[in-house]
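Asker:
Numbering (our numbering), first residue to last: 1 to 348.
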(Lines of atoms letter the chains of each structure in order from A and count residues from 1; the text may use other names and numbers.)
(Lines give C-alpha, C1' and ligand atoms only; values in the text may rest on other atoms or scores of the structure.)
Protein backbone atom coordinates (compact mmCIF):
# COMPACT_ATOMS: atom_id res chain seq x y z
CA UNK A 1 0.00 0.00 0.00
CA UNK A 2 1.57 3.28 -1.13
CA UNK A 3 0.78 6.51 0.72
CA UNK A 4 0.79 9.94 -0.89
CA UNK A 5 0.25 13.21 0.95
CA UNK A 6 -0.34 16.21 -1.31
CA UNK A 7 -0.39 19.78 -0.05
CA UNK A 8 -1.83 18.98 3.38
CA UNK A 9 -2.22 21.84 5.86
CA UNK A 10 -3.69 21.74 9.34
CA UNK A 11 -4.46 24.51 11.82
CA UNK A 12 -5.73 24.45 15.37
CA UNK A 13 -7.40 27.83 15.74
CA UNK A 14 -4.85 30.52 14.82
CA UNK A 15 -1.92 28.08 15.07
CA UNK A 16 -0.80 26.45 11.84
CA UNK A 17 0.63 23.00 12.60
CA UNK A 18 1.14 21.68 9.04
CA UNK A 19 1.93 23.82 5.99
CA UNK A 20 1.46 22.39 2.48
CA UNK A 21 3.10 19.04 3.32
CA UNK A 22 3.96 16.69 0.45
CA UNK A 23 5.11 13.13 1.10
CA UNK A 24 5.25 9.97 -1.04
CA UNK A 25 5.83 6.58 0.61
CA UNK A 26 6.27 3.43 -1.47
CA UNK A 27 4.52 0.15 -0.78
CA UNK A 28 6.25 -1.80 2.00
CA UNK A 29 8.48 1.07 3.15
CA UNK A 30 9.24 1.81 6.78
CA UNK A 31 9.40 5.60 7.10
CA UNK A 32 10.24 7.68 10.17
CA UNK A 33 8.74 11.11 10.83
CA UNK A 34 11.52 12.74 12.82
CA UNK A 35 11.55 16.12 14.47
CA UNK A 36 11.45 18.10 17.71
CA UNK A 37 8.30 18.62 19.76
CA UNK A 38 5.87 20.87 17.91
CA UNK A 39 7.23 20.06 14.45
CA UNK A 40 3.91 18.55 13.31
CA UNK A 41 4.93 14.90 13.02
CA UNK A 42 2.16 13.41 15.20
CA UNK A 43 -0.46 15.66 13.59
CA UNK A 44 0.64 14.45 10.14
CA UNK A 45 0.38 10.84 11.32
CA UNK A 46 -3.14 11.46 12.67
CA UNK A 47 -4.22 13.11 9.40
CA UNK A 48 -2.98 10.05 7.48
CA UNK A 49 -4.87 7.82 9.92
CA UNK A 50 -8.09 9.83 9.61
CA UNK A 51 -8.05 10.83 13.29
CA UNK A 52 -7.68 14.48 12.31
CA UNK A 53 -9.15 16.26 9.31
CA UNK A 54 -6.89 18.46 7.23
CA UNK A 55 -7.92 22.07 6.64
CA UNK A 56 -10.75 22.23 4.07
CA UNK A 57 -9.44 22.35 0.53
CA UNK A 58 -5.80 22.08 1.62
CA UNK A 59 -4.87 18.90 -0.20
CA UNK A 60 -5.38 15.15 -0.21
CA UNK A 61 -4.28 11.82 1.27
CA UNK A 62 -4.08 8.89 -1.15
CA UNK A 63 -3.69 5.16 -0.53
CA UNK A 64 -2.56 3.34 -3.69
CA UNK A 65 -3.39 6.51 -5.65
CA UNK A 66 -7.00 6.49 -4.43
CA UNK A 67 -8.15 9.63 -2.63
CA UNK A 68 -9.24 8.64 0.87
CA UNK A 69 -9.26 12.17 2.34
CA UNK A 70 -13.00 12.09 3.05
CA UNK A 71 -13.02 8.54 4.47
CA UNK A 72 -13.17 7.94 8.19
CA UNK A 73 -10.63 5.98 10.21
CA UNK A 74 -12.77 2.84 10.06
CA UNK A 75 -12.65 2.77 6.25
CA UNK A 76 -8.88 3.22 5.95
CA UNK A 77 -7.89 -0.16 7.44
CA UNK A 78 -4.96 1.14 9.44
CA UNK A 79 -3.29 -0.30 12.50
CA UNK A 80 -2.36 2.33 15.09
CA UNK A 81 0.04 1.83 18.01
CA UNK A 82 0.30 4.47 20.74
CA UNK A 83 3.21 5.33 23.00
CA UNK A 84 1.43 4.09 26.13
CA UNK A 85 0.25 0.72 24.78
CA UNK A 86 -3.49 1.27 25.51
CA UNK A 87 -3.94 -2.41 26.37
CA UNK A 88 -7.09 -3.59 28.16
CA UNK A 89 -6.03 -4.24 31.74
CA UNK A 90 -8.70 -6.87 32.44
CA UNK A 91 -7.93 -8.90 29.32
CA UNK A 92 -5.18 -11.47 28.89
CA UNK A 93 -2.49 -11.10 26.25
CA UNK A 94 -4.44 -13.51 24.04
CA UNK A 95 -7.71 -11.58 24.38
CA UNK A 96 -6.01 -8.21 23.83
CA UNK A 97 -4.65 -9.44 20.50
CA UNK A 98 -7.99 -11.05 19.58
CA UNK A 99 -10.01 -7.92 20.43
CA UNK A 100 -10.03 -6.42 16.93
CA UNK A 101 -11.04 -9.73 15.35
CA UNK A 102 -13.88 -10.29 17.83
CA UNK A 103 -15.11 -6.70 17.31
CA UNK A 104 -15.72 -7.08 13.58
CA UNK A 105 -19.32 -7.08 12.30
CA UNK A 106 -20.67 -10.61 12.54
CA UNK A 107 -20.69 -11.10 8.74
CA UNK A 108 -16.94 -10.36 8.64
CA UNK A 109 -15.99 -11.92 11.96
CA UNK A 110 -13.70 -14.98 11.72
CA UNK A 111 -14.72 -18.21 13.40
CA UNK A 112 -13.36 -19.00 16.85
CA UNK A 113 -10.94 -21.49 15.32
CA UNK A 114 -9.69 -18.85 12.86
CA UNK A 115 -9.27 -16.31 15.67
CA UNK A 116 -7.27 -18.75 17.75
CA UNK A 117 -5.12 -19.64 14.77
CA UNK A 118 -4.46 -15.98 13.89
CA UNK A 119 -3.65 -15.00 17.48
CA UNK A 120 -1.37 -18.02 17.79
CA UNK A 121 0.57 -16.92 14.70
CA UNK A 122 0.97 -13.42 16.09
CA UNK A 123 2.09 -14.70 19.49
CA UNK A 124 4.78 -16.70 17.71
CA UNK A 125 5.72 -13.62 15.68
CA UNK A 126 6.18 -11.45 18.77
CA UNK A 127 7.78 -14.35 20.66
CA UNK A 128 5.28 -14.26 23.57
CA UNK A 129 3.42 -17.56 23.12
CA UNK A 130 4.23 -18.72 26.71
CA UNK A 131 2.69 -15.52 28.12
CA UNK A 132 -0.67 -15.76 26.32
CA UNK A 133 -2.70 -16.02 29.53
CA UNK A 134 -0.94 -13.26 31.45
CA UNK A 135 -2.43 -9.83 32.03
CA UNK A 136 -0.72 -6.56 30.98
CA UNK A 137 0.28 -5.81 34.58
CA UNK A 138 2.34 -9.02 34.58
CA UNK A 139 4.41 -7.96 31.56
CA UNK A 140 7.44 -5.73 31.11
CA UNK A 141 7.15 -2.50 29.14
CA UNK A 142 8.79 -4.04 26.10
CA UNK A 143 6.46 -7.06 26.20
CA UNK A 144 3.40 -4.81 26.46
CA UNK A 145 4.52 -2.83 23.43
CA UNK A 146 4.93 -6.03 21.43
CA UNK A 147 1.38 -7.05 22.41
CA UNK A 148 0.12 -3.65 21.24
CA UNK A 149 1.84 -4.19 17.89
CA UNK A 150 0.36 -7.68 17.56
CA UNK A 151 -3.13 -6.34 18.32
CA UNK A 152 -2.72 -3.73 15.56
CA UNK A 153 -1.56 -6.42 13.11
CA UNK A 154 -4.37 -8.85 13.95
CA UNK A 155 -6.90 -7.09 11.73
CA UNK A 156 -4.45 -7.22 8.78
CA UNK A 157 -4.12 -3.46 8.27
CA UNK A 158 -3.07 -2.00 4.96
CA UNK A 159 -0.95 0.56 6.81
CA UNK A 160 0.73 0.43 10.25
CA UNK A 161 1.15 3.73 12.09
CA UNK A 162 3.26 4.03 15.25
CA UNK A 163 3.25 7.16 17.42
CA UNK A 164 6.43 7.29 19.56
CA UNK A 165 6.10 3.51 20.10
CA UNK A 166 9.17 3.22 22.33
CA UNK A 167 9.02 6.61 24.06
CA UNK A 168 7.98 5.23 27.47
CA UNK A 169 10.73 2.61 27.63
CA UNK A 170 14.26 2.75 29.00
CA UNK A 171 17.28 2.93 26.70
CA UNK A 172 18.18 -0.76 26.77
CA UNK A 173 14.64 -1.94 26.01
CA UNK A 174 14.31 0.70 23.27
CA UNK A 175 17.44 -0.61 21.58
CA UNK A 176 16.20 -4.21 21.68
CA UNK A 177 12.76 -3.26 20.35
CA UNK A 178 14.26 -1.23 17.51
CA UNK A 179 16.02 -4.32 16.27
CA UNK A 180 12.88 -6.38 16.77
CA UNK A 181 10.73 -3.88 14.82
CA UNK A 182 13.18 -3.92 11.92
CA UNK A 183 13.07 -7.74 11.77
CA UNK A 184 9.29 -7.72 12.13
CA UNK A 185 8.92 -5.32 9.22
CA UNK A 186 11.15 -7.49 7.05
CA UNK A 187 8.75 -10.35 7.80
CA UNK A 188 5.35 -8.67 7.31
CA UNK A 189 6.21 -5.97 4.70
CA UNK A 190 3.33 -3.70 5.77
CA UNK A 191 3.80 -0.06 4.82
CA UNK A 192 4.77 1.52 8.13
CA UNK A 193 5.16 5.07 9.40
CA UNK A 194 6.49 5.78 12.86
CA UNK A 195 6.88 9.04 14.72
CA UNK A 196 9.97 9.65 16.83
CA UNK A 197 12.11 12.47 18.17
CA UNK A 198 15.02 10.04 18.66
CA UNK A 199 17.57 10.53 15.87
CA UNK A 200 19.36 7.24 16.50
CA UNK A 201 16.06 5.36 16.40
CA UNK A 202 15.03 6.90 13.09
CA UNK A 203 18.40 6.35 11.41
CA UNK A 204 18.73 2.75 12.61
CA UNK A 205 15.23 1.45 11.85
CA UNK A 206 13.80 3.25 8.84
CA UNK A 207 14.18 2.90 5.08
CA UNK A 208 13.73 6.66 4.72
CA UNK A 209 13.49 9.57 7.14
CA UNK A 210 11.31 12.69 6.85
CA UNK A 211 12.90 15.39 9.01
CA UNK A 212 10.21 17.89 10.08
CA UNK A 213 10.43 21.44 11.35
CA UNK A 214 7.62 23.92 12.04
CA UNK A 215 5.00 21.97 10.10
CA UNK A 216 7.14 21.33 7.02
CA UNK A 217 9.39 18.55 5.79
CA UNK A 218 12.94 19.88 5.65
CA UNK A 219 14.37 16.76 4.01
CA UNK A 220 13.18 13.29 3.00
CA UNK A 221 15.74 10.64 2.16
CA UNK A 222 17.57 7.54 3.27
CA UNK A 223 19.27 7.60 6.68
CA UNK A 224 22.64 7.87 4.93
CA UNK A 225 21.46 10.76 2.73
CA UNK A 226 20.04 12.90 5.53
CA UNK A 227 23.02 12.28 7.80
CA UNK A 228 25.84 12.67 5.28
CA UNK A 229 24.19 15.24 3.00
CA UNK A 230 21.84 17.35 5.15
CA UNK A 231 19.76 19.82 3.17
CA UNK A 232 19.91 22.60 5.77
CA UNK A 233 21.67 23.67 8.97
CA UNK A 234 18.61 22.52 10.94
CA UNK A 235 18.87 18.97 9.61
CA UNK A 236 22.60 18.87 10.36
CA UNK A 237 22.06 20.12 13.91
CA UNK A 238 19.13 17.82 14.65
CA UNK A 239 20.85 14.63 13.52
CA UNK A 240 23.64 14.54 16.07
CA UNK A 241 26.36 16.44 17.90
CA UNK A 242 28.06 19.22 15.94
CA UNK A 243 30.46 22.13 16.02
CA UNK A 244 29.70 25.50 14.44
CA UNK A 245 32.67 27.46 13.16
CA UNK A 246 32.32 31.10 12.17
CA UNK A 247 32.59 31.20 8.39
CA UNK A 248 33.06 34.27 6.23
CA UNK A 249 32.95 35.03 2.55
CA UNK A 250 36.29 35.42 0.86
CA UNK A 251 37.60 38.96 1.40
CA UNK A 252 35.40 39.67 4.44
CA UNK A 253 37.33 41.50 7.20
CA UNK A 254 37.98 39.17 10.17
CA UNK A 255 36.18 41.46 12.65
CA UNK A 256 32.90 41.42 10.68
CA UNK A 257 30.05 40.05 12.90
CA UNK A 258 28.67 36.63 11.99
CA UNK A 259 24.94 35.86 11.83
CA UNK A 260 22.87 33.28 13.75
CA UNK A 261 23.44 29.54 13.43
CA UNK A 262 20.73 28.95 10.86
CA UNK A 263 21.92 31.75 8.53
CA UNK A 264 24.73 31.71 5.97
CA UNK A 265 28.16 32.25 7.42
CA UNK A 266 28.51 29.02 9.38
CA UNK A 267 30.51 25.85 8.82
CA UNK A 268 29.24 22.66 10.51
CA UNK A 269 31.52 19.80 11.59
CA UNK A 270 30.71 16.57 13.44
CA UNK A 271 32.91 15.89 16.51
CA UNK A 272 34.32 12.73 14.91
CA UNK A 273 35.47 14.85 11.94
CA UNK A 274 37.59 17.14 14.14
CA UNK A 275 41.29 16.34 13.74
CA UNK A 276 43.76 17.10 16.55
CA UNK A 277 47.54 17.45 16.10
CA UNK A 278 50.42 18.73 18.21
CA UNK A 279 51.85 20.85 15.41
CA UNK A 280 50.14 23.16 12.92
CA UNK A 281 50.64 21.12 9.76
CA UNK A 282 48.09 23.18 7.79
CA UNK A 283 47.77 26.95 7.34
CA UNK A 284 44.14 26.99 8.55
CA UNK A 285 44.83 24.98 11.72
CA UNK A 286 43.17 26.45 14.82
CA UNK A 287 45.13 26.70 18.07
CA UNK A 288 43.10 25.41 21.03
CA UNK A 289 43.58 24.46 24.67
CA UNK A 290 42.48 21.04 25.94
CA UNK A 291 39.78 21.66 28.55
CA UNK A 292 38.61 18.14 29.30
CA UNK A 293 39.22 14.55 28.17
CA UNK A 294 36.52 11.98 29.02
CA UNK A 295 36.10 8.30 28.19
CA UNK A 296 32.64 7.17 27.04
CA UNK A 297 32.84 3.46 26.23
CA UNK A 298 35.15 3.04 23.26
CA UNK A 299 34.99 6.77 22.42
CA UNK A 300 37.06 9.56 23.99
CA UNK A 301 35.41 12.97 24.03
CA UNK A 302 37.66 16.01 24.08
CA UNK A 303 36.55 19.55 24.89
CA UNK A 304 38.77 22.25 23.41
CA UNK A 305 38.80 26.03 23.89
CA UNK A 306 39.88 28.10 20.89
CA UNK A 307 42.65 30.56 21.65
CA UNK A 308 41.66 33.11 18.99
CA UNK A 309 38.00 33.53 20.00
CA UNK A 310 35.55 32.35 22.69
CA UNK A 311 34.34 29.18 20.99
CA UNK A 312 34.38 25.61 22.31
CA UNK A 313 35.18 22.73 19.99
CA UNK A 314 33.97 19.20 20.74
CA UNK A 315 35.98 16.31 19.32
CA UNK A 316 35.57 12.54 19.42
CA UNK A 317 38.51 10.15 19.10
CA UNK A 318 38.82 6.40 19.08
CA UNK A 319 40.46 4.96 22.17
CA UNK A 320 43.50 4.03 20.09
CA UNK A 321 43.86 7.53 18.61
CA UNK A 322 43.52 9.09 22.06
CA UNK A 323 46.23 6.85 23.50
CA UNK A 324 48.54 7.72 20.62
CA UNK A 325 48.05 11.46 21.19
CA UNK A 326 48.26 11.26 24.97
CA UNK A 327 46.29 14.48 25.45
CA UNK A 328 46.49 16.28 28.78
CA UNK A 329 44.25 18.99 30.20
CA UNK A 330 45.71 22.47 29.73
CA UNK A 331 48.03 21.76 26.81
CA UNK A 332 47.79 23.54 23.45
CA UNK A 333 47.02 21.60 20.27
CA UNK A 334 46.03 22.43 16.70
CA UNK A 335 42.67 21.59 15.18
CA UNK A 336 41.58 21.03 11.59
CA UNK A 337 38.50 19.30 10.20
CA UNK A 338 37.27 17.03 7.44
CA UNK A 339 33.82 16.79 5.83
CA UNK A 340 32.80 20.29 6.89
CA UNK A 341 29.34 21.31 5.72
CA UNK A 342 28.99 24.89 4.53
CA UNK A 343 25.50 25.93 3.50
CA UNK A 344 25.98 28.55 0.76
CA UNK A 345 29.30 29.48 -0.80
CA UNK A 346 31.14 30.22 2.44
CA UNK A 347 34.46 29.08 3.86
CA UNK A 348 36.18 29.33 7.25
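For each residue, glycine too, the CB sits at the ideal point set by N, CA and C. Being a predicted model, the structure only gives us computed values, none of them experimental.
Measure the CB-CB distance between residue 300 and residue 318 and report whether it falls below 9 angstroms.
Answerer: Against a cut-off of 9 angstroms, the Cβ pair of residue 318 and residue 300 comes out as a contact.
Asker: Straight-line CA distance for residue 225 to residue 172?
Answerer: Spanning the two alpha carbons is a distance of roughly 27 angstroms.
Asker: If we call anything under 9 angstroms between Cβ atoms a contact, is residue 290 one with residue 333?
Answerer: In this structure, residue 333 lies closer than 9 angstroms to residue 290 by Cβ.
Asker: Would a C-beta distance cut-off of 9 angstroms place residue 148 and residue 160 closer than the cut-off?
Answerer: Result no, Cβ atoms of residue 148 and residue 160 do not sit closer than 9 angstroms.
Asker: Report yes if the CB atom of residue 18 is closer than 9 angstroms to the CB atom of residue 215, and no otherwise.
Answerer: Cβ atoms of residue 18 and residue 215: closer than 9 angstroms.
Asker: Helix, strand or coil: which one does DSSP assign to residue 339?
Answerer: Coil.
Asker: Leaving aside the five residues before and after residue 87 along the sequence, list all residues of the same chain whose C-beta is less than 7 angstroms from its C-beta, in chain order.
Answerer: For residue 87, where only same-chain residues beyond five positions count, the Cβ hits under 7 angstroms are 96, 136, 144, 147, 148.
Asker: With a threshold of 6 angstroms on Cβ separation, who are the neighbours of residue 158 within its own chain once the five nearest residues in sequence on each side are excluded?
Answerer: 1, 77, listed in sequence order.
Asker: Of all the alpha helix (DSSP H) runs that stay within the bounds of the segment 67–103, which reach a length of 4 or more residues?
Answerer: List check, alpha helix (DSSP H) in window: 73–76, 93–102.
Asker: From what residue to what residue does the alpha helix (DSSP H) around residue 323 run?
Answerer: It spans 319–325 - the alpha helix (DSSP H) in which residue 323 sits, taken as one unbroken run.
Asker: Within the continuous beta strand (DSSP E) that includes residue 29, where are the two ends?
Answerer: Note, residue 29: premise wrong, no beta strand (DSSP E); not H, not E.
Asker: Considering only the beta carbon of each residue, do residue 62 and residue 93 sit closer than 9 angstroms?
Answerer: No. Outside cutoff.
Asker: Taking only the alpha-carbon atoms, compute the straight-line gap between residue 200 and residue 55 and give it to the nearest angstrom.
Answerer: Their backbone Cα atoms lie some 33 angstroms apart in a straight line.
Asker: Taking the DSSP output, what are the residues bridged to residue 212?
Answerer: Answer is 217.
Asker: Once the 5 residues before and after residue 20 are set aside, which same chain residues still bring their CB inside 8 angstroms of it?
Answerer: If we look at residue 20 and ignore the five residues flanking it on each side, its Cβ neighbours are 7, 8, 9, 58, 59, 216.
Asker: Could you check if residue 87 belongs to the surroundings of the ligand SAH, using beta carbon to heavy atom distance under 8 angstroms?
Answerer: For the ligand SAH, the structure offers nothing, since it holds no ligand at all.
Asker: Quick check: the Cα distance between residue 243 and residue 218, rounded to an integer number of angstroms?
Answerer: The alpha-carbon atoms of residue 243 and residue 218 are separated by roughly 20 angstroms.
Asker: Take residue 294 and list the residues in its own chain whose beta-carbon comes closer than 6 angstroms to its own, dropping the five residues that flank it on each side.
Answerer: Taken in chain order, the residues that qualify are 301.
Asker: Is there contact here, the segment 182–196 with the segment 103–117, by at least three beta-carbon pairs under 8 angstroms?
Answerer: No: fewer than three Cβ pairs fall under 8 angstroms.
Asker: What number of angstroms, rounded off, separates the C-alpha of residue 170 from the C-alpha of residue 193?
Answerer: Taking the straight line from one Cα to the other gives about 22 angstroms.
Asker: In terms of residue numbering, what span does the beta strand (DSSP E) encompassing residue 268 cover?
Answerer: It spans 266–269 - the beta strand (DSSP E) in which residue 268 sits, taken as one unbroken run.
Asker: Where do the ends of the beta strand (DSSP E) carrying residue 149 lie?
Answerer: Here residue 149 belongs to no beta strand (DSSP E); instead the alpha helix (DSSP H) covers 141–154.
Asker: According to DSSP, is residue 315 helix, strand or coil?
Answerer: Strand at residue 315.
Asker: For the alpha helix (DSSP H) containing residue 49, name the first residue and the last one.
Answerer: Looking at the DSSP string, the run of the alpha helix (DSSP H) that includes residue 49 is 41–49.
Asker: Could you spell out where the alpha helix (DSSP H) holding residue 116 opens and where it closes?
Answerer: Start and end: 112–125.
Asker: Judging by CA-CA distance, which residue of 204, 198, 311 is the nearest neighbour of residue 30?
Answerer: Per the Cα distances, 204.
Asker: Return the bridge partner residues of residue 134 from the DSSP annotation.
Answerer: Note: residue 134 sits in no beta bridge, so no partner.
Asker: Assuming contact is defined by CB atoms lying nearer than 9 angstroms, are residue 162 and residue 80 in contact in what I supplied?
Answerer: Contact: yes.
Asker: Which whole-angstrom value is the C-beta distance of residue 273 and residue 338, which I expect to be below 8 angstroms?
Answerer: Confirmed, about 5 angstroms.
Asker: Can you say whether residue 178 is buried or exposed, counting buried as having 16 or more other CB atoms within 10 angstroms of its CB?
Answerer: Burial call: buried.
Asker: Note down the Cα distance separating residue 306 from residue 246, rounded to an integer number of angstroms.
Answerer: Approximately 12 angstroms between the Cα atoms of the pair.
Asker: State buried or exposed for residue 75, treating a residue as buried only when at least 16 other CB atoms are found within 10 Å of its CB.
Answerer: Classification for residue 75: exposed.
Asker: For residue 172, report the span of its alpha helix (DSSP H) as first-last.
Answerer: First-last of the alpha helix (DSSP H) with residue 172: 171–188.
Asker: In three-state terms, what does DSSP make of residue 199?
Answerer: Helix, per DSSP.
Asker: Mapping DSSP to helix, strand and coil, what is residue 279?
Answerer: Residue state, collapsed to three classes: coil.
Asker: Mind checking who residue 246 pairs with in its DSSP beta bridge?
Answerer: Beta-bridge pairing links residue 246 to 266.
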